[in-house]
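Please read the structure below before turning to the comments.
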Amino acid sequence: MNYQAPVKTTLLELRNLHTDFQTSTGTVKAVDGVSFAIERGERVAVVGESGSGKSAMAMSILRLLTHPGKVAGGEVLLDGRDISRLSEGQLNAIRGRLVGTVFQDPMSSLDPVMRISKQMIEPIMRNLRLNREQAREEAIKWLGKVGIPEPERRIEAYPFEMSGGMRQRVMIAMALSSRPQLVIADEPTTALDVTIQAQIVEVLKTLTEESGAAMLFITHDLGLVARFAHKVAVMYAGRIVEFGRVEDIFASPAHPYTQSLLGTIPSTAMLKSERLPQIPGLPPDMRFPITGCAFKERCAAAHDRCCVEAPRLSQCGIDHTAACWAPHGLGEGATLKAERPDRPNRPFEPDGSVVVELNALWKQFDTSRKMVVRAVNGVNLRVHKGETLGIVGESGCGKSTIARLLLGLEKPTSGDIFIAGLAQMVFQDPASSFNPKMTIGGIVAEPLVVRAHGSKPERKEAVRRLISQVGLDPAFAERYPHQLSGGQRQRVAVARALALNPSVVVADEPTSALDVSVRAQIINLLVDLKQELGISFVFISHDLLTVRYIADRIAVMYLGEVVEYGAAEEVFADPRHPYTKALIDAVPVPDPAIESRRTSTPLQGELPSPLNLPTGCAFASRCPMATDRCRAEKPALPTHDLARQVACHYAS
Amino acid sequence: MADLSLPATPTRKPSLLAVGSAIARHRFLSHPKVRLALVLLVPILLLTIFAPVLPMQKPLETNLRAMMQFPSIEHVFGTDKMGRDIFSRTLAGVQISLLVGFSVAAIALVFGMVLGTLAGFYGGMIDRAIMTVVDIFLAFPSLLLAIGLVSVMGTGIVPVILAISLADVPRFIRLQRSQVLSLRSRAFIDAARTVDASQYWLMTRHIVPNTLAAMLVAASIAAANAILVEASLSFLGLGIMPPQPSLGNIVRDGQTYLEQAWWISTLPGVVILLIAVGLHFLSDGVRELLDPRSR
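Note that the protein sequences, when read in sequence, are chains X and Y.
FYI, the numbering for the first sequence is 0 to 651, going by numbering that gives the first Met the number 0.
FYI, the numbering for the second sequence is 0 to 294, going by numbering that gives the first Met the number 0.
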């Protein structure tokens, strides 16, 4: 291949970039003076929470901002030429040609009524000046490179005929086919499963390396950054607070925000008794001017100067700058410390009483075309009193269906569900889980009202107690959901779930819609409540690091079946099912040293359709060690008396 | 759990609802389209309300000594072939128009809410039964349907209101049903179902309050439309019957004399236009205020 060694010359340089959003409540300074440079062939990751301005910054480069966003000042130098003052027409010659883009949601970036061929071939003809035949060949070549099977046939598909991962591959093929010098990727894997994410990242990495393109990669996932980037820019409140080489940022972060972020991720070695460090508070409201450092309210090392004067980026190592008055942020080599002492290290010991029992549970959905979706296929699970069961698996594996069955929101096709007491739920999306027309007090009181618990004043008292139990001020009872942040809403969701003293709380991806800095707060809350109240949890997530930290036992699901079950630490330390191994392998670890040693190739292929299940082992189509026996004969999970169960012919 | 408490932003007093509605009122009155609408509609409304006490001839009173008179201070809109005061008759007609508009909006809102909620919430047979009827009604243009119904039910204000409502109710059912369908799958409904909330509770507490805004906008559009349809029916001689005045039948009466006395038809026609434009801007303004993206 035409591999070009990256020549160290600057490709893109931002100088004091400002982007404003004019809203009815004031001007939001989304990007507030950002300057940095990308060398040729370099992969720069921009990390930050939602609202930190990372996407606005990336979109400002090509002026792809949505209304009411506007680039308010600064220069964008591409190859030494200022493109921030070009006309739309001149910019269009650069978009797609010199700079390719890959966005988060491939469904909305692809035209749903156009075949892939039509969407790919014409830009290639225009950008590379090829005729239709050559352009088509080129398109097929790129589809093959990004890992689309049978590209000659799939090029005539419509976007809806492809899975999310396949669509994202098409987006990457489109972005790279014009041989751009720079690729801007805005959260390209956020909507995807961890195994598919690993594949996509691998594709992006090898192909940009091959073509010598530089890359600006926007993400909130620090693990991905470690796997992928050469350099990292950490953004907070519209500014870059730290910039440097990936090894330096992870080994010796200099800004308190970076240090805190790295601390909030549960590491693989962390004990359950250790409290997860958390960043207090919330990011600032960008509608109001900020005096001094934007992070001062949440920073343990903040002092007088931070409140008056905003620090500028200053050198703190080779190619490493940070915007903090303190030379080492929170302290030499420090990361965030947990605020409260660790929990007493009480190893979990079930007292034998079973709170939840699923026996040979099957659930099928009839679709309109007389087809049957087999969502859950013969699941046996038990949850003991005070135990947390983590359920992990890719989307479509049936884990959310199990949650709905547990709560009685769906009726099982066959099998029994036994629950001692009441099951309650914390939903994934804090935006849609509350009636926008009700106050927080009304929302938390609803279960009590429906079940006719207590008198009105008693209920009011109960609401106060519940709201403070989840760490909110009881004054929140008067507010409406839209006035709360995502983390606060998730606390309210927990309060509502606790209202009727349930014996088990089912949490379906309770932290996946939250920002990294808030996530740790919610996880700590759940663990504390579990210890204080002795309730059981069913914690459903695709975030394996969090599940390992929070769960006592783990059930790994694949295509509606449990393929591995056991104590959380054991499953992580010694995964026996090839699928569990692949899942754990795919998780990006926020440590560049570990990531650079990563040799195993990511799990290939995607989840088969639950419409027609294979006769043998469900995982055989993707399993690296599958044999004819696997394809013919289904491995059964041993009876559920065993503490460790694996459904694989070759696990031992 | 002291360490988990967040720095609570100060609670606003007085209650948030009051503050919210004050902001809403301010935004409402400062919206340019709403202002234009109020400039057009408020004088007409005031004149209509105070018509009985204004010093002028009663709408049905004839004066054969002052037939077909050009507009003057005494007869602002002039007089017709029987010497009746056109201005007074126009205001009486506006009264009828407003009555029709409000009644139709209220009927459509109530029936649309109830039937649309039932169809969307329960689905299955109930949905199919309601929606089949709705689809049949929607197959006819609303004015044509109203004409047909009035010719069956007879003329007069009650048949006119019923006929226009019957044409509007299916649209409201459709709208309500589609809103309910999208709300039904929201997580807060599931949350209420996990504590075994009754279906009545789900519908009244969770679904209907969240559909109200869109339905009110639709009702304001329906009211404007009903006023125009009533005028059209009366103009065609199918609505309000003379001598009872209605904007439509005043225009109809005057069209024979367009060459000798243009004011008989033209001036009430201008009032129809002003009301229609005013209500259009009002409903547009309300819609934009409720959904900022539609601007």
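Just so it is clear, CB atoms sit at the ideal spot from N, CA and C, and this is done for glycine as well.
Chain Y within 8 Å of residue i, Cβ atoms only
i, result
"Ala650(X)", "no"
"Arg652(X)", "For residue 652(X) there is no data in the structure shown, the boundaries of chain X being 0 and 651."
"Glu208(X)", "no"
"Lys436(X)", "yes"
"Gln423(X)", "yes"
"Glu151(X)", "no"
"Ser176(X)", "no"
"Asp428(X)", "yes"
"Gly533(X)", "no"
"Pro509(X)", "no"
"Arg488(X)", "no"
"Gly407(X)", "yes"
"Arg450(X)", "yes"
Beta bridge counterpart(s) of residue i as assigned by DSSP
i, result
"Leu76(X)", "Glu12(X) and Asp81(X)"
"Arg94(X)", "Val98(X)"
"Leu181(X)", "Val98(X) and Ala213(X)"
"Trp361(X)", "Asn376(X) and Ser413(X)"
"Gln314(X)", "Thr320(X)"
"Lys69(X)", "Asp19(X)"
"Thr189(X)", "In DSSP, Thr189(X) forms no bridge with anything."
"Lys28(X)", "Asp19(X)"
Inter-residue Cα distance where the pair is residue i and residue j
i, j, result
"Leu180(Y)", "Thr131(Y)", "17 Å"
"Arg450(X)", "Ala498(X)", "11 Å"
"Phe139(Y)", "Ala162(Y)", "13 Å"
"Pro158(X)", "Met165(X)", "9 Å"
"Thr205(X)", "Arg178(X)", "14 Å"
"Leu16(Y)", "Leu35(Y)", "Caution is warranted here: a pLDDT of 44 is assigned to Leu16(Y), below 50, making its placement in the model unreliable, and the coordinate value is therefore given only provisionally. Rounded to whole angstroms, Leu16(Y) to Leu35(Y) spans 27 Å at the Cα level."
"Val168(Y)", "Val207(Y)", "17 Å"
"Gly92(Y)", "His279(Y)", "19 Å"
"Ser96(Y)", "Leu53(Y)", "20 Å"
"Gly211(X)", "Val233(X)", "24 Å"
"Lys362(X)", "Asn379(X)", "13 Å"
"Phe20(X)", "Val33(Y)", "26 Å"
"Thr626(X)", "Lys580(X)", "18 Å"
"Asp189(Y)", "Glu409(X)", "10 Å"
"Val284(Y)", "His30(Y)", "First, the amino acid is wrong: residue 284(Y) is Gly here, not Val. Whole-angstrom Cα-Cα distance: 7 Å."
"Cys305(X)", "Glu48(X)", "21 Å"
"Val159(Y)", "Val99(Y)", "8 Å"
"Pro509(X)", "Ser102(Y)", "48 Å"
"Val182(X)", "Ser108(X)", "15 Å"
"Ser264(Y)", "Leu44(Y)", "21 Å"
C-beta neighbour in chain X for residue i, strict 8 Å
i, result
"Thr193(Y)", "yes"
"Asp189(Y)", "yes"
"Leu288(Y)", "no"
"Ala186(Y)", "yes"
"Pro208(Y)", "yes"
"His205(Y)", "yes"
"Ala65(Y)", "no"
"Ala196(Y)", "yes"
Which parts of the stretch 598 to 650 of chain X are runs of the beta strand (DSSP E), unbroken and 3 residues or longer, counting only runs that do not cross its ends? Listed in chain order, there is nothing to give.
Report yes or no: do the stretch 54 to 66 of chain X and the stretch 249 to 262 of chain X share at least 3 C-beta pairs separated by less than 8 Å? The stretch 54 to 66 of chain X, when compared against the stretch 249 to 262 of chain X, does not touch it at the 8 Å Cβ threshold.
At a cut of 8 Å, does the stretch 189 to 205 of chain Y reach the stretch 138 to 154 of chain Y through at least three beta carbon pairs? The stretch 189 to 205 of chain Y vs the stretch 138 to 154 of chain Y: no contact.
Touching by the beta-carbon criterion (3+ pairs, under 8 Å), the stretch 523 to 541 of chain X and the stretch 408 to 418 of chain X: These segments do not touch.
Determine, using beta-carbon pairs with one atom in the stretch 100 to 111 of chain X and one in the stretch 123 to 143 of chain X, whether at least three such pairs fall under 8 Å. Touching, no, given that fewer than three Cβ pairs across the two stretches are closer than 8 Å.
Inter-stretch contact (C-beta, 8 Å, three-pair minimum) for the stretch 217 to 230 of chain X and the stretch 614 to 624 of chain X: No, the stretch 217 to 230 of chain X does not touch the stretch 614 to 624 of chain X.
Enumerated in chain order, which unbroken segments of the beta strand (DSSP E) with a length of 3 residues or greater are wholly contained in the stretch 477 to 503 of chain X? Listed in chain order, there is nothing to give.
Would you say the stretch 220 to 230 of chain Y touches the stretch 482 to 493 of chain X, given that touching needs at least three Cβ pairs under 8 Å? No contact exists between the stretch 220 to 230 of chain Y and the stretch 482 to 493 of chain X.
Runs of alpha helix (DSSP H) wholly within the stretch 133 to 187 of chain X (minimum 4 residues, chain order): Runs of the alpha helix (DSSP H) lying entirely within the stretch 133 to 187 of chain X and spanning at least 4 residues, in chain order: 150 to 153 and 163 to 176.
Extract the residue ranges of the beta strand (DSSP E) inside the stretch 503 to 541 of chain X, only unbroken runs of 3 or more that lie entirely within it. Entirely contained in the stretch 503 to 541 of chain X, the beta strand (DSSP E) runs reaching 3 residues are, in chain order, 503 to 507 and 535 to 539.
Under 8 Å: do the stretch 529 to 546 of chain X and the stretch 367 to 386 of chain X share three or more Cβ pairs, one atom per stretch? Enough Cβ pairs lie closer than 8 Å, so yes.
Whole beta strand (DSSP E) runs in the stretch 227 to 293 of chain X with 3 or more residues, listed along the chain? Taken in chain order, the complete beta strand (DSSP E) segments of 3 or more residues contained in the stretch 227 to 293 of chain X are 230 to 235 and 238 to 244.
Is the stretch 509 to 520 of chain X touching the stretch 272 to 287 of chain X in the sense that three or more CB pairs, one from each, lie closer than 8 Å? Contact holds: three or more Cβ-Cβ distances are below 8 Å.
With a floor of 4 residues, list each alpha helix (DSSP H) that falls wholly inside the stretch 149 to 186 of chain Y, ordered by position along the chain. Whole alpha helix (DSSP H) segments, 4+ residues: 156 to 183.
Any 3 or more C-beta pairs closer than 8 Å across the stretch 211 to 218 of chain Y and the stretch 105 to 123 of chain Y: With the rule of 3 Cβ pairs closer than 8 Å, the stretch 211 to 218 of chain Y counts as touching the stretch 105 to 123 of chain Y.
Give, in chain order, every unbroken run of the alpha helix (DSSP H) that is at least 4 residues long and sits entirely within the stretch 59 to 113 of chain Y. The qualifying runs do not exist here; there are none.
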